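Colleague:
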Amino acid sequence: MAEKINPDNKLTPKELAKHLRQPEGETGKEVGLQMNKGNKHICLNSYKVLNPKNKNHILEIGMGNGFFVKDLLKMADDLNYLGVDFSPTMVNEATIINEALIKSEKVSFKQASIEKLPFNDHTFDCITTTNTLYFWPQPQDNAKELLRVLKPGGKLLIAYRSKSFMDQIELSKHGFVKYDILDVENLLTKSGFKQIVTETIKEPELDFDGDIFEMEGIYTIGIK
Ligand SMILES: C[S@@+](CC[C@H](N)C(=O)[O-])C[C@H]1O[C@@H](n2cnc3c(N)ncnc32)[C@H](O)[C@@H]1O
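If you're matching positions, the sequence shown starts at 1 in full-length UniProt numbering and goes up one per residue.
1. Would you list the one or two residues that DSSP bridges to residue 140?
2. In terms of residues, what are the limits of the beta strand (DSSP E) holding residue 81?
3. Kindly indicate the opening and closing residues of the alpha helix (DSSP H) around residue 46.
4. Between the alpha carbons of residue 1 and residue 212, how many angstroms are there, rounded?
5. Restricting to runs no shorter than 3 residues, where is the beta strand (DSSP E) found entirely within the region 142–192?
6. Less than 7 Å separating the Cβ of residue 93 from some heavy atom of ligand 1?
7. Bridge partners for residue 216 per DSSP, in chain order?
8. Using a 10 Å radius around the Cβ and a threshold of 16 neighbouring Cβ atoms, would you call residue 62 buried or exposed?
9. What distance in whole Å lies between the Cβ atoms of residue 157 and residue 46, which are believed to be in contact at a cut-off of 8 Å?
10. In chain order, what residues have a CB nearer than 5 Å to some heavy atom of ligand 1?
11. Could you compute how far the alpha carbon of residue 109 sits from the alpha carbon of residue 87?
12. Roughly how many whole angstroms lie between the Cα atoms of residue 162 and residue 84?
13. Hey, could you find the ends of the alpha helix (DSSP H) residue 71 is sitting in?
14. For the region 52–60 against the region 30–43, do three or more pairs of beta-carbon atoms, one drawn from each stretch, fall closer than 8 Å, so that the two count as touching?
15. Helix, strand or coil for residue 95? Go by DSSP, reduced to three states.
16. Starting from residue 110, trace the beta strand (DSSP E) in both directions and tell me its first and last residue.
17. Is any non-hydrogen atom of ligand 2 found closer than 7 Å to the C-beta of residue 112, if you look at the structure I gave you?
18. Mark residue 17 as exposed unless 16 or more other C-beta atoms lie within 10 angstroms of its C-beta, in which case mark it buried.
19. Roughly how many angstroms lie between the CA atoms of residue 159 and residue 127, to the nearest whole one?
20. Between the Cα of residue 122 and those of 206, 79, 194 and 152, spot the shortest distance and give me the residue it belongs to.
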């Protein structure tokens with residue numbers, strides 16, 4: 001049985017695209033919950049590919065409502081997680097969903113944009129970001145900003161869908177920039193990352209507005 005997204009066609013492709021880029025208000029919350037279904041595999045696989053080590057300080061860009069943060073925290077001991085999203089609605093939702101982890105001081109969330117991160121140079125061991133690349137306003141500058149806040153030897157993971165998949169869905173015509181593996185690897189090389197590698201992982205089929213899609217996540221890693 002395929003996972004379902006936008007089951008009752010409640011939103012037009014343009015409206016859905018707007019909330020995928022920056023979820024807002026009650027509709028944004030609802031889209032956030034739908035993303036937890038449709039993006040479950042790519043989110044969980046991104047954390048597996050990231051493969052954090054004990055005591056790592058992890059930054060996630062665009063965590064949405066942060067539903068899977070609890071799963072990342074189980075992957076090693078004493079992880080410290082900071083999630084950044086430029087949507088106030090998502091930061092609020094993530095704060096509610098992860099209340100217990102926030103109390104334990106293992107997790108925190110902040111509203112900010114990838115364009116200018118409110119962190120010192122060399123702060124994080126790992127940075128992960130899933131399904132945000134399509135919306136980066138200045139990709140090379142934004143990748144350099146990630147490089148700046150990574151520690152030397154730190155790891156960046158970008159998880160995304162292929163251009164060929166995106167070309168099949170109507171909503172990607174509304175404000176999405178589409179990337180192939182070579183585009184992402186070139187972006188990271190030009191921005192100063194090294195040891196760039198990509199892997200792909202197949203997922204169960206997805207039911208998107210009644211159409212069934214073969215799914216695959218792409219995971220590109222670069223090292224500072
Ligand atoms: C398509 S959702 C993906 C959410 C989650 N990572 C997933 O894969 O289900 C994109 C998220 O990135 C956030 N986002 C988009 N552009 C951003 C930016 N410039 N800075 C920070 N967050 C951004 C959006 O607000 C949204 O929560």
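Positions of the beta carbon are idealized from the N, C-alpha and C atoms, including for glycine.
No experiment lies behind these values; they were computed from the predicted model shown.
Modeller: In short, the structure shows the following:
1. Locating residue 140 in the sequence shown gives position 140, counting from the first residue. Answer is none; residue 140 lacks a bridge partner.
2. One-based indexing of the sequence shown puts residue 81 at position 81. 80–85 is the extent of the beta strand (DSSP E) around residue 81.
3. Residue numbering aside, residue 46 sits at position 46 when the sequence shown is read from its first letter. Run containing residue 46: 40–50, per the alpha helix (DSSP H) assignment.
4. Along the sequence shown, one-based indexing puts residue 1 at 1. Along the sequence shown, one-based indexing puts residue 212 at 212. In this prediction, residue 1 has a pLDDT of 39, which is less than 50 and means its spatial position is unreliable; nothing more can be read from the coordinates.
5. 150–160
6. By 1-based counting over the sequence shown, the position of residue 93 is 93. No, Cβ of residue 93 sits at least 7 Å from all heavy atoms of ligand 1.
7. Position 216 of the sequence shown, counted from the first residue, corresponds to residue 216. For residue 216, which the question treats as bridged, DSSP gives the partners 202.
8. As a position in the sequence shown, residue 62 is number 62, starting the count at 1. Residue 62 should be labelled buried.
9. Residue numbering aside, residue 46 sits at position 46 when the sequence shown is read from its first letter. Residue numbering aside, residue 157 sits at position 157 when the sequence shown is read from its first letter. Correct: roughly 6 Å between the Cβ atoms.
10. 20, 22, 35, 39, 62, 64, 85, 86, 87, 90, 113, 114, 130, 131, 132 and 135
11. As a working note, residue 109 is residue 109 in the sequence shown. As a working note, residue 87 is residue 87 in the sequence shown. If you take the alpha carbons of residue 109 and residue 87, they lie about 11 Å apart.
12. As a position in the sequence shown, residue 162 is number 162, starting the count at 1. As a position in the sequence shown, residue 84 is number 84, starting the count at 1. Taking the straight line from one Cα to the other gives about 24 Å.
13. Position 71 of the sequence shown, counted from the start, is the residue given in the question as residue 71. It spans 69–73 - the alpha helix (DSSP H) in which residue 71 sits, taken as one unbroken run.
14. no
15. As a first step, residue 95 must be located in the sequence shown, where it is residue number 95. Reduced to three states, the DSSP call for residue 95 is helix.
16. Numbered from 1 along the sequence shown, position 110 holds the residue referred to as residue 110. Unbroken beta strand (DSSP E) run through residue 110: 107–111.
17. Looking for ligand 2 in the displayed structure turns up nothing; the ligands present are ligand 1.
18. Position 17 of the sequence shown, counted from the start, is the residue given in the question as residue 17. Residue 17 comes out buried.
19. Here the question's residue 159 lines up with position 159 in the sequence shown. Here the question's residue 127 lines up with position 127 in the sequence shown. So the alpha carbons of these two residues sit roughly 11 Å apart.
20. Within the sequence shown, the letter at position 122 stands for residue 122. If we check each option's Cα against that of residue 122, 152 comes out closest.
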